[in-house]
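Visitor: The structure that follows is given in the form of structure tokens.
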Amino acid sequence: MAIEKIFKDDATEEKGERARMSSFVGAIAITDLVKTTLGPKGMDKILQSTGRGHGVTVTNDGATILKSLHIDNPAAKVLIDISKVQDDEVGDGTTSVVVLAGELLREAEKLVASKIHPMTIISGYRMAAECARNALLQRVVDNKENAEKFKSDLMKIAKTTLSSKILSQDKEHFAQLAVEAVMRLKGSTNLEAIQIIKKPGGSLKDSFLDEGFILDKKIGLGQPKRIENAKILVANTAMDTDKVKIYGARVRVDSMSKVAEIEGAEKEKMREKVQKIIAHGINCFVNRQLIYNFPEELFADAGILAIEHADFDGIERLALVTGGEIASTFDNPESVKIGHCKLIEEIMIGEDKLIHFSGVEMGQACTIVLRGASHHVLDEAERSLHDALCVLSQTVNDTRVLLGGGWPEMVMAKEVDELARKTPGKKSHAIEAFSRALVAIPTIIADNAGLDSADLVAQLRAAHHTEGCNAGIDVISGSVGDMAELGISESFKVKQAVLLSATEAAEMILRVDEIITCAPRQREDRM
Amino acid sequence: MALAFDEYGRPFIILKEQDQKTRLRGLEAQKANISAGKAVARILRTSLGPKGMDKILQSPDGDVTITNDGATILEQMDVDNQIAKLMVELSRSQDYEIGDGTTGVVVMAGALLEQAERLLERGIHPIRIAEGYEMASRIAVEHLEHISKKFDFGATNIEPLVQTCMTTLSSKIVNRCKRHLAEISVKAVLSVADLERKDVNLDMIKVEGKVGGKLEDTELIYGITVDKDMSHPQMPKQIEDAKIAILTCPFEPPKPKTKHKVDIDTVEKFQTLRLQEQKYFDDMVQKCKDVGATLVICQWGFDDEANHLLMHRNLPAVRWVGGVELELIAIATGGRIVPRFQELTTEKLGRAGLVREKSFGTTKDKMLYIEHCANSRAVTIFIRGGNKMMIEETKRSIHDALCVARNLIRNNSIVYGGGSAEISCSIAVEAAADKYPGVEQYAIRAFADALDSVPMALAENSGLQPIETLSAVKSQQIKENNPHYGIDCNDVGTNDMRQQDVFETLIGKQQQILLATQVVKMILKIDDVISPSDY
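Keeping their order, the protein sequence lines are chains A and B.
First residue of the first sequence? That's 1 in the UniProt record's numbering, and the numbers climb one at a time after it.
First residue of the second sequence? That's 1 in the UniProt record's numbering, and the numbers climb one at a time after it.
Structural data, given as structure tokens:
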């Protein structure tokens, strides 16, 4: 009697070698996809969405590419997930982490083919990862004490991160922007305080950092366009019709005159509210919700600048920078904290009018205005800048810094290689494979730059056999160079996260020997 | 399906739509059932033991789960066959009852079924086999009791507990830092355990996970974490010596359940209503303030105005906290959940030494930590890991470890792992078999063979020669009369599980044998399967 089907209709099951192969193939395919974006000479990808409008994104950011892919292969999904986590956690290295995990699996595939048990490979990888981490820890530079040096470290990191992005042409400029913005945060990782405004037009070079705060809103008609020594009340309150919130309340009248009376009362109520707000002694009022014409007119009469419909983030940020609190009731004006700034004025960027708050109380926040030829350029610039800001803010907290340009990989590879030689048993093959996977990263960087990778990596390897060597790949000149001199640095935290999550993901995929796929849920036809 | 005909050649119709149903009977039915059960066991067999492999399960919605946990694999497998469903149930009940050994129980049941098939072929009646299995399982369970060892642990000596949890964790992906996780689990269980009554309420342990960081960053928090932040961005992020009001009523105007309408027809009414509304908000906040609360945790939302009033009166608040979390907070801080503002009193406030908000990574993720609670019984295990699947799998592994620790507190007997207990039972059952006259003898012997299949699978997964290894260990056990020899999965160099510190709980093992036997008996007793044919 044949074995009956145990699964539901279309569920499929892949076992042993087949399952392993399917995960290897999926993972390596993903790696090959993003591989070409790695390094300063990496290429961009165009992503076209299947949604309405077929929106186009041009990007170099691994996380963005992978996020937009519709993948069916479970192993590939694991890789996409690690890249996403890398993005959330440290912000950069999203491509590297996928490439490293993919290379680890590629090496593992060869080992499995030569009859080494996956569990042996895993334990070898673990030893190697630990060893690699220690190797990095030994070589980190920590300039926490020396503010001047640390700032130059940050500058270098920013330049290195930006050099692989669309901003590489103006990386000096943008690195300066990013470092200054992050230094203002004074150690907090709260990137919300940095606002990025995108305005098409001009060139990337015209982007600038503003120490104040820019709100993308227009000033109401008939209200002052410029206020000095502004007192700002930031509010979240209804300024359209102030409804009675008691449940079930409704107006029921029996004559037209009553309607007019109640309307009058309503108006009176609004007028009172406005009076109360004005009683705070303010000259600028920013509300999250709409402000109707009537109260706006009242504000204009009182010479108060009223800004309506600032979005939630805008409100929070504004409250943060001006030092005021977000108010919703206005009965006791003496105890509400009111924000201050030196100057509010309307400024023009391109052909849009924006409101500029300068000389704010809290110096933490700032605004970066990005200019560029098209929306695509601006979107990509924002992503790149975001990466740089993330890395920098993380570095401010964890001040350990490494050199870049394939240097950390070579240092790790060397240590791991030595470990392999000392380790008896089959594990040593796996450890060796780990080191090969590490070397693959400089190889890919060189390949992407159109250089002779075999030659360069061999040179690098030789150079690294001398103690305390700083050699890495200098993509610009196409040779091996001293990374310390070239000023190419990376954050230790990013490298560590890349190493650990790539190993973790590879381990996870290697442990699998069976894939059970349930039938996709039937979509109901919407027609 | 075969139809019966009466003397005139008309078919009897007994079942509704009889001709559309397939029917299996007698030996054929049993064999079909056995093969289905075996097929399920075969899937799980490779996940057994420290060198067991994981499975990828892709749900109908495309979500990926990677796991080593038998119960989870079976649950997500989308099984259609009835007998296979029984096996799923089997694994689940082991999970509910013991929490660990969910793979082992299915492998055991599969082996018992395989042996039963052979006996059926020899013409032994299924009921006799079932009875033989029943006797054998009783022998095995008694023998387990016999070879088990009690060990002592106290609040200070947690080493034995940690060792046992490590055995459980070593088969999972988290075995890289099993020591760390085992310690966390044991500490968590001990802090909520009632050692007098030997009872542990696992509900008091909350397992939370957040992607990012590394597995080593997993920590035990003596308190509660809530995945929420303060309702107003400018409220203080850190409160010391907090007195917490735990509310289940919204900071909103009242909404009576009965339908009502408030009619406004004059200006005066409009104004009184307005004043009343304002007063209502004011009263709510004032009440919280009056009883001395310094933090408000609310299950529902706040009105903008109320939110600002809270902020204004310097009363930090958290909104939209889930019901389960609310209960945990109440337990931990020793507070009472208050459903109405009127009932708020000072005694009902919870107390915590420190409440702080912590942000993660580059996104806006924030979490609220409530620590140094008045009643530190509720704890949280906070897991970090490289990706979502990793976190999920770690949660499952921690759950297993927690269950093991709980079982040990309930009953501090252990048996040695690595298949040694099974081998020892197998020897005992085999020896006992000869004493039974009658057909059952064969079934008992078959049971002994089935017991061997667990160590056999362990050896196979570890890349050892299964038959060779098993026979070597078995002879060693008999020769030295020492039930502690098992399979050396990690290639340590010794077969003595006492030296390797591989333990399992006695009740877990006993439950495995009992549950597996029960299910197999049930399957053997089925002799007729009627199912609607495919349409």
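Each residue gets a CB set at the ideal place from its N, CA and C atoms; glycine is no exception.
Using a C-beta cutoff of 9 Å, does C518 of chain A count as contacting chain B?
Guide: yes
Visitor: Tell me whether Q169 of chain A is buried or exposed, calling it buried when 16 or more other Cβ atoms sit within 10 Å of its Cβ.
Guide: exposed
Visitor: Nearest-angstrom Cα distance between L100 of chain A and K337 of chain A?
Guide: Straight across, the Cα-Cα distance linking L100 of chain A with K337 of chain A is about 51 Å.
Visitor: State the DSSP-derived secondary structure class of V225 of chain B, mapped to helix, strand or coil.
Guide: At residue 225 of chain B the sequence reads Thr, which differs from the Val that was named. Strand, per DSSP.
Visitor: Could you name each continuous alpha helix (DSSP H) segment of 4 residues or more that falls completely within the segment 102-131 of chain B, going from the start of the chain to the end?
Guide: Runs of the alpha helix (DSSP H) inside the segment 102-131 of chain B: 102-121.
Visitor: Look up A327 of chain A in the DSSP assignment and give the residues it is bridged to.
Guide: A:A235
Visitor: Of all the residues that make up the segment 248-259 of chain B, which are near chain A by a beta-carbon distance shorter than 9 Å?
Guide: E252, P253, P254, K255, P256, K259
Visitor: Short check: CB of I80 of chain A to CB of L69 of chain A, under 9 Å?
Guide: yes
Visitor: What are the boundary residues of the beta strand (DSSP E) that includes I381 of chain B?
Guide: 379-385
Visitor: Drop a sphere of 10 angstroms on the beta-carbon of L137 of chain A, count the other beta-carbons inside from all chains shown, and report buried for 16 or more, exposed for fewer.
Guide: exposed
Visitor: Does T46 of chain B get closer than 9 Å to chain E when you measure Cβ to Cβ?
Guide: No chain E appears in the structure shown, which is made up of the protein chains A and B.
Visitor: Just checking, does the segment 196-214 of chain B make contact with the segment 344-356 of chain B on the three C-beta pairs under 8 Å criterion?
Guide: no
Visitor: Report the neighbours of K228 of chain B on chain A: residues whose CB is nearer than 9 Å to its CB, in chain order.
Guide: Correct list: empty, because the minimum Cβ distance to chain A is about 16 Å.
Visitor: Does I476 of chain A come out as helix, strand or coil in the three-state DSSP assignment?
Guide: I476 of chain A: coil per DSSP, three-state reduction.
Visitor: List, in chain order, every chain B residue whose beta-carbon is nearer than 8 Å to that of D513 of chain A.
Guide: T46, M53, D54, K55
Visitor: Is H429 of chain A closer than 9 Å to K51 of chain B when the C-beta atoms are compared?
Guide: Contact check for K51 of chain B against H429 of chain A fails: the beta carbons are separated by 9 Å or more.
Visitor: Would G472 of chain A pass as a contact of G481 of chain A if the rule is Cβ separation under 9 Å?
Guide: yes
Visitor: Can you round the beta-carbon distance between I381 of chain B and L220 of chain B to whole angstroms, since I take them to be within the 8 Å contact cut?
Guide: About 6 Å separates the two Cβ atoms, so the contact holds.
Visitor: Measuring only the C-alpha atoms, how far is E130 of chain A from V78 of chain A?
Guide: If you take the alpha carbons of E130 of chain A and V78 of chain A, they lie about 22 Å apart.
Visitor: Could you have a look at R410 of chain B and say whether DSSP puts it in helix, strand or coil?
Guide: helix
Visitor: If you check the beta carbons only, do G418 of chain B and C489 of chain B fall under 9 Å apart?
Guide: yes
Visitor: May I ask you to list, following chain order, the residues of the segment 516-531 of chain B that have a beta carbon less than 7 Å from some beta carbon of chain A?
Guide: Result list empty, no residue passes.
Visitor: By a C-beta neighbour count over all protein chains shown, 10 Å radius and 16 as the cutoff for buried, is T480 of chain B buried or exposed?
Guide: Looking at the sequence provided, one finds Glu at residue 480 of chain B rather than Thr. Counting Cβ neighbours within 10 Å, E480 of chain B comes out exposed, since fewer than 16 surround it.
Visitor: So what's K217 of chain A in DSSP terms, helix, strand or just coil?
Guide: Coil at K217 of chain A, not helix or strand.
Visitor: Give every residue of the same chain whose Cβ lies closer than 7 Å to the Cβ of V251 of chain A, excluding the five residues on either side of it in the sequence, and list them in chain order.
Guide: I262
Visitor: For T102 of chain B and chain A, any beta-carbon pair shorter than 9 Å?
Guide: no
Visitor: Check for me: the beta strand (DSSP E) holding I116 of chain A runs from which residue to which?
Guide: Element bounds for I116 of chain A: n/a, residue is neither H nor E.
Visitor: 9 Å is my cut-off, CB to CB: does L162 of chain A come that close to chain B?
Guide: L162 of chain A does not count as touching chain B.
Visitor: Which residues mark the beginning and the end of the beta strand (DSSP E) in which S358 of chain A is found?
Guide: Residue range 352-360 is occupied by the beta strand (DSSP E) that includes S358 of chain A.
Visitor: Check the Cβ-Cβ distances between R526 of chain A and every residue of chain B, and say whether any is below 9 Å.
Guide: Model confidence at R526 of chain A stands at a pLDDT of 48, short of 50, so the residue's coordinates are unreliable and nothing is read from them.
Visitor: Run the CB neighbour count on R20 of chain A, radius 10 Å, all protein chains shown included, and call it buried at 16 or more, exposed below.
Guide: buried
Visitor: May I ask which residues mark the beginning and end of the alpha helix (DSSP H) holding V40 of chain B?
Guide: Where V40 of chain B is concerned, the enclosing alpha helix (DSSP H) stretches over 26-45.
Visitor: Within the segment 484-521 of chain A, note down every full beta strand (DSSP E) run reaching 3 residues or more, in order along the chain.
Guide: 489-491, 512-517
Visitor: How far does the alpha helix (DSSP H) with L370 of chain A in it extend, from its first residue to its last?
Guide: Where L370 of chain A is concerned, there is no enclosing alpha helix (DSSP H), although the beta strand (DSSP E) it sits in stretches over 366-372.
Visitor: Select from the segment 65-79 of chain A all residues with a C-beta closer than 8 Å to any C-beta belonging to chain B, and list them in chain order.
Guide: D72, P74, A75, K77, V78
Visitor: Thinking just about the alpha-carbon of each residue, which of B:T294, B:T225, B:K287 is nearest to the one in P236 of chain B?
Guide: B:T294
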